[in-house]
Amino acid sequence: MVTYMNSLDYSQIINNSTTGILVVDNREIIYANKYVYELLGYSYKDLLDFEQILHSDYKEACKQRLKRVIEDKEKVEAMEQVFIDKNGFPIDVEVFASPYVQDGKVYAQVHIHNITKRKLYEKEYVQSVEQYKLISENISDVITEISFDGTIQYVSPSVEGLLGYGEDEIRGKNIYEYIHPDDKIVLLNAYKKLKKSVTTSNICCRVKCKDEDYLWMESKAKVFTRNNDFRVIVDSRNVTDQIESEKLLRQSEKLAVIGELSAGVVHEIKNPLTSIKGFLQLMQAGTIKTKDYINILNSEIERIEQLANDLLGFAKPKEEMNSHNMVQIIDEVVFLINSTARSKNIQITWRPKEDPVRVFGDKSQLKQVFINLIKNAVEASETHQRVVIELHTEEGKAFVKVRDFGCGIPKEYLDKVGESFFTTKKKGTGLGLMVSHKIISNHEGEILIDSIVNEGTTFMVKMPIAR
Ligand code: ADP
Ligand code: MG
C-alpha cells in the first residue's frame, strides 16, 4: 500500500531534482529549478531569458514545439538542443516538454537532461570510426580476421583493389576457398604452428583473385581472443612481382649451372655409349652371343637414361611445396654432379647418418642449393681431393655439411660470398650462393660457412625437419 504524505514539500523536491525543470509561458521562463541555474552558470538571483539561453540554431524549432505544447496541449518527444551558458559556451542538452495547466492557463513544463558527456563520447566514437575508415580504405595491405575454423569474420576494404572482391562477398566464407590448391598445405602448417604458439608466423601463398588469376601474398598472422574465441588477425601484402623476379633469378642461375653440368654429363654418357658400340660390333661379327650380353647393354642404357632424366628433371621442374626425403634429394644431386667430379678425378663421399630425413619444401629448389654447394666444393678442390657430404639431425633440425679440402675462402671475402655477382672464378656467375641463401631462408633455414685458407671449407645447411 502506498501512503501519501500530505506534508511533502513538492516545491523542494522539484527544486532539488537532478534534471533541469523549467516552466515556460509562451517565451517567458516563469520558473527554473536549481539544476538549470547551476547547469548554465547563473546565480539564483539572475533572471533567465529564454532567448538568451537558447542557441540560435534551435530557436525556430523551439517556437514550434512550445506552440504545440501550449496551444495544442500536446506532449513533445525528446529533442537534442544546445543551450548557451552565462559565459557564452554551448551546452548539449536533451529536452522534453509537456503541457502544465493551472487555473485554466496552459504552460509548458520543460525537462532538461545534460548530455555533454554523451555527446563527447559520440564525437570521439565518430572520430575513431572515421579514422579507422580512412586507414582501412587507404592501406594497400589487406587485413583479415579469421576464426580458427578458417571462416573470414572481417576483411578490410582494401581487398577490392587487390583481389577484386567486395568485402561482403568474402565475409563468412572459408579462407581455404581462396588459396591455391598447391599452397593449402602451407596454410595448414602455419595454422598448426599458430595453434601451439600464439605468436606471429610469416607465410607466402597464392591467393585467388575474382578474375581467377592468382597473386602471391605474404602474410603475417597473430592469434588473439575475442569473446573467449580464438581468432587470427592476418596482415597480407602483394609480393607477386618480388616472387616472380626471384623465380626468374633462380631459373637463370639454374640454366647457367645446367650448361656447366651438361658438359660433365655428356662426357659421362660417352663411356656407356662406347661400350654399347663395342658390344654391338662384336655381336654383329658373331664373336659373342647376343643373349649373354643383353643385361650389360640394358644396364648401360639405363645409366644413360637416368643421367638424361636427372638433368631434364632438374631443368624442367614442377615447383611445389611438399614433404621430401633429404637423403633422396642429395642422392640425386650426387649422381648428377659425379660426372663433373670424376672428370676432375675428385671423389665425392656421401654419408647420411639417418634415412629418411623428411623436410618440407620445394624439391627442385633444394636440389639447386646442394648442386651449387657441391659444385663449388668440387671447383675449389685440386685433382684427387675428396668432397665429403654428411647428414645428421639434432633437436628437430636437419644438418647437411658439404666439406672440401680445397683453397678455402679468405676472411675478407667471407662477408662477400653470397652477395650477388661476387665471384672469384673466370667463368663464374656469382649467383649460386645468393640464390641458395634465399632458397634456404624461404625454407626457414640458414647456411653457415666455416673456412680456412688452403685447408678447406665447410658449408652447413640447417633446416627444420618436417613433422
Ligand atoms: P660462382 O661459383 O659462380 O663464383 P657462387 O655464388 O657459387 O658463384 O660462389 C661465389 C664465390 O664464393 C666463389 O666465386 C668463390 O670465391 C667462393 N666460394 C664458394 N664456395 C667455395 C668453396 N667451397 N671454397 C672456396 N671458395 C668458395
Ligand atoms: Mg657456384
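According to the numbering used here, the residues represented by the sequence shown are 603 to 1069, in order.
Every residue gets a Cβ at the ideal spot worked out from N, C-alpha and C, and that includes glycine.
Should residue 998 be listed as close to the ligand MG, given that the test is whether its C-beta is under 8 Å from any heavy atom?
no
Assign residue 879 to one of three DSSP states: helix, strand, or coil.
helix
Specify, as a first and last residue, the run of the alpha helix (DSSP H) that residue 746 falls within.
Not the alpha helix (DSSP H): residue 746 falls in the beta strand (DSSP E), residues 744 to 749.
Relative to the C-alpha of residue 844, which residue among 703, 664, 1044, 924 is closest?
1044
Return yes when the Cβ of residue 643 is within less than 9 Å of the Cβ of residue 695, no when it is not.
no
Could you please go through the chain and list the residues whose beta-carbon is closer than 5 Å to any non-hydrogen atom of the ligand MG?
978, 1034
Residues of its chain near residue 668, where Cβ-Cβ distance is below 8 Å and the 5 sequence neighbours each way are ignored:
626, 628, 629, 699, 710
My parser needs the beta strand (DSSP E) runs of 3 or more residues fully inside the segment 727 to 800; what are they?
744 to 749, 754 to 757
Give the single residue among 829, 836, 831 whose Cα lies nearest to the Cα of residue 820.
836
Alpha helix (DSSP H) segment containing residue 933, residue limits
928 to 945
Quick check on residue 649: does DSSP put it in helix, strand or coil?
coil
Same chain only: Cβ atoms within 6 Å of residue 714, ignoring 5 sequence neighbours per side
622, 695, 697
Looking at the unbroken beta strand (DSSP E) that takes in residue 633, where does it start and where does it end?
630 to 634
Taking the CB atoms as reference points, tell me whether residue 958 and residue 932 lie closer together than 9 Å.
no
Taking the DSSP output, what are the residues bridged to residue 724?
The partner list for residue 724 (beta bridge, DSSP) is empty, contrary to what the question assumes.
Based on the DSSP secondary-structure assignment, which residues constitute the bridge partners of residue 850?
None, per the DSSP bridge assignment.
To the nearest angstrom, how far is the alpha carbon of residue 1053 from that of residue 938?
25 Å
Report the three-state DSSP secondary structure of residue 887 (helix, strand or coil).
coil
Less than 9 Å between the C-beta atoms of residue 776 and residue 754, yes or no?
yes
Mapping DSSP to helix, strand and coil, what is residue 664?
helix
Does the Cβ of residue 831 have 16 or more other Cβ atoms within 10 Å, making it buried, or fewer, making it exposed?
exposed
Any heavy atom of the ligand ADP inside 8 Å of the beta-carbon of residue 1019?
yes
Would you mind working out which of 808, 863, 747 sits nearest residue 825, comparing C-alpha positions?
747
Nearest-angstrom Cα distance between residue 739 and residue 759?
6 Å
Tell me whether residue 792, by its Cβ, gets closer than 8 Å to a heavy atom of the ligand ADP.
no
Residue 622 in three-state terms, based on DSSP:
strand
Could you please give the first and the last residue of the uninterrupted beta strand (DSSP E) stretch that includes residue 910?
Careful: residue 910 lies outside any beta strand (DSSP E), inside the alpha helix (DSSP H) at 892 to 917.
Just mark residue 1012 as buried or exposed, buried being the case when its beta carbon has 16 or more other beta carbons within 10 Å.
exposed
Three-state secondary structure (DSSP) at residue 1031?
coil
Is the number of C-beta pairs between the segment 772 to 787 and the segment 1053 to 1062 that are closer than 8 Å three or more?
no
Report the option in 903, 1016, 811, 859 whose CA atom is closest to the CA atom of residue 872.
903
Cβ-based burial, residue 945 [other Cβ within 10 Å; buried from 16]
exposed
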